[in-house]
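To start, the structure under review is shown below, and the notes come after it.
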Amino acid sequence: MPSLIPPRLPRPLLAALTAFVVLLTIAAVADIRTDPPPPGSTGAQEAPGFLTRERPNIVLVSSDDQRLDEMQFLPEVERLIGDEGVTFDNALTPHPLCCPARAELMTGQLAQNNGVRGNFPPQGGYDAFDESQHVGVWLQEAGYRTAFLGKMLNGYSHQDGRDPGWDIFNATSHGYADYYDFKQFDGDEVVGVEGYYTDYVGDKAVEYVDELSQGDEPFFMWVSHFAPHPSRRRSTCEQDTCGLEPPRSSPTYLAEQERTGKTPHQDAADELARSVTRSPAFNEDDLSDKQALVRRQPKMSEQTVVRSARGRASALASLDDTIGPLVEELRAQGELDNTYLVFITDNGFQLGEHRWFGKILPYEESVRTPMLVRGPGIEPGTRTDATATIVDLVPTFLDIAGATPSLLTDGTSLLDLWQGLQREELYPGGVLLQGGPYKPETGKTGWLYRGLRTDRYTYARFHDGFVELYDRDRDPGQVQSVAGHERYAAVEAELARRTEILSGCRGAEECHQDFGPLPEPGR
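Counting from 1 along the sequence shown, just add 2 to a position and that's the residue number in the working numbering.
Okay, structure coming up:
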């Protein structure tokens with residue numbers, strides 16, 4: 003596996019190379035942009051890859067509800083981003099639910115600080131979000147042209163109008179949960195679209211790269227896809243089935259299915275479904291160690307898992323088809339080599355593990371996420387098992403741009419880690435995990451749970467005091483909680499203490515604390 007740490011050069015060779023670079027720099031100084039760094043610069047412009055005419059562009063592409071093991075359905079993402087950059091094997095989402103995760107992607111703050119704890123008011127949704135303070139505003143103030151495209155925070159409507167901070171604003175208003183026949187607030191008007199959602203977003207992303215590339219300013223664009231989120235299917239939706247339907251396929255793949263009799267990646271999707279249904283976590287018989295919300299869930303049919311896996315693979319195939327044209331347009335405009343292209347998802351998804359179909363819970367299928375990045379100074383084909391979270395992306399983008407936020411961010415820049423210049427663990431004390439209000443458990447307020455994930459353990463204390471603790475080294479499927487076991491008493495107490503501290507953290511220093519080593523389990 004390629005290392006992220008660059009090899010150390012012999013001193014004579016290093017001295018010669020240094021002198022050569024200095025001579026090149028002197029010769030080229032007339033052509034290099036000499037504008038002073040913007041206010042709030044963190045010195046990022048001095049890192050490798052920044053000796054360019056302009057500060058790098060940033061393009062963020064996000065999927066919705068994607069499991070980490072579904073990367074197999076995104077070969078173009080892996081080829082054009084992962085193989086050309088760095089892939090994270092331990093990226094996480096601290097709040098595995100759509101709206102809170104997207105608020106973290108907008109602010110670089112955890113939910114206790116940005117105020118978005120769930121998908122619906124009063125403690126969640128678009129209404130709980132301060133649209134005047136986010137990464138688009140901060141990058142725009144730093145001289146970037148900015149664009150937002152696709153799914154906005156849950157609850158956004160065209161009646162909310164155009165958010166500040168975006169030179170290009172094309173947010174989905176209604177209908178995207180059906181994948182067809184939806185409304186966009188495009189610029190300053192409502193536009194009805196009859197096509198397939200993923201195709202529309204992919205085509206617009208290419209169009210916007212062309213538009214953004216025409217100016218002299220660097221640009222930032224967030225391409226926010228909906229795939230592979232389940233489909234609502236309004237025409238057949240009943241209260242007990244809403245959200246359980248597989249995502250709908252594009253016209254292209256529907257035609258292919260009719261011709262071949264198979265959905266895209268069908269064999270691989272079936273194998274993924276088998277790996278889920280054969281897992282010890284699937285349809286657990288003994289749920290006595292799980293919180294009441296999980297204990298009352300019925301068992302799920304294996305056929306439901308197969309149907310879902312096939313639909314999700316098909317939806318991701320359409321998303322994957324948008325990556326090649328996006329990269330080619332960046333290349334055609336001469337922007338690719340000076341662009342950080344990032345692929346992530348908002349949260350993972352459980353397909354029946356622990357009898358749960360969905361997200362929000364503190365299990366690996368929900369909190370593990372993909373993160374792949376290519377761009378200046380990143381060694382192609384590298385991987386890292388360093389822990390990083392989506393909360394860290396906004397501070398990274400600000401670092402790249404030399405921009406200053408108007409809020410205290412809780413994440414920390416990943417730029418040095420991307421470029422192989424950092425060895426220190428970013429989360430030595432563990433990552434805070436939390437789930438906000440959830441009906442009927444907590445009504446419209448409160449926390450469903452709060453907990454901590456370390457390299458070895460997952461700890462969660464639910465709103466009713468129920469505790470789950472998993473030693474993932476010995477129980478990777480999180481099948482048997484060891485909460486309350488005497489041999490884990492010291493571990494549980496320390497994880498509870500850390501959770502209490504991090505639940506009130508503000509700012510990167512407090513939210514990335516090093517608490518020292520955890521106790522070892524007793525014998």
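Every residue, glycine too, gets a C-beta built ideally from N, C-alpha and C.
This one's a predicted model, so the numbers in the text were calculated from it and none came from an experiment.
For the segment 103–143, not one full-length beta strand (DSSP E) segment reaches 3 residues or more. Under the criterion of beta carbons closer than 8 Å, residue 501 and residue 454 qualify as touching, at roughly 5 Å. Note that the segment 390–402 does not touch the segment 486–503; fewer than 3 beta-carbon pairs, one per stretch, sit closer than 8 Å.
When DSSP reads this structure, residue 188 sits in a beta bridge with 172, 191. Between residue 355 and residue 281, the beta carbon gap of about 6 Å places them in contact (Cβ cut-off 8 Å). In this chain, residue 365 is not harboured by any alpha helix (DSSP H), its DSSP state being neither H nor E. For residue 269, the enclosing alpha helix (DSSP H) begins and ends at 268–279.
Taking residue 488 as the centre and dropping the five residues before and after it, the same chain places the C-beta of 524 closer than 8 Å to its C-beta, in chain order. The C-alpha of residue 337 lies about 20 Å from the C-alpha of residue 168.
204 is the residue among 196, 174, 109, 204 whose C-alpha sits nearest the C-alpha of residue 328. Taking the C-beta atoms as reference points, residue 163 is found no nearer than 8 Å to residue 439. In the DSSP assignment, residue 436 forms a beta bridge with 452. In this model, residue 507 and residue 114 are separated by some 8 Å (Cα to Cα). Taking a cut-off of 8 Å for Cβ pairs, the segment 255–269 and the segment 280–295 do not touch, as fewer than three such pairs fall below it. Cβ atoms of residue 100 and residue 156 come within 8 Å of each other, at about 6 Å. The DSSP assignment places 294–297, 304–323, 325–334 as complete runs of the alpha helix (DSSP H) inside the segment 293–345, in order along the chain (cut-off: 4 residues). Remark: three or more beta-carbon pairs, one from each stretch, lie closer than 8 Å, so the segment 332–352 and the segment 90–106 are flagged as touching. Between residue 476 and residue 459, the C-beta spacing is not below 8 Å. Between residue 182 and residue 154, the C-beta spacing is not below 8 Å. When rounded, the separation of the alpha-carbon atoms in residue 82 and residue 326 is 7 Å. Under a 10 Å Cβ-count criterion, residue 133 is classified as buried, with 16 or more other Cβ atoms of the shown protein chains found around its own Cβ.
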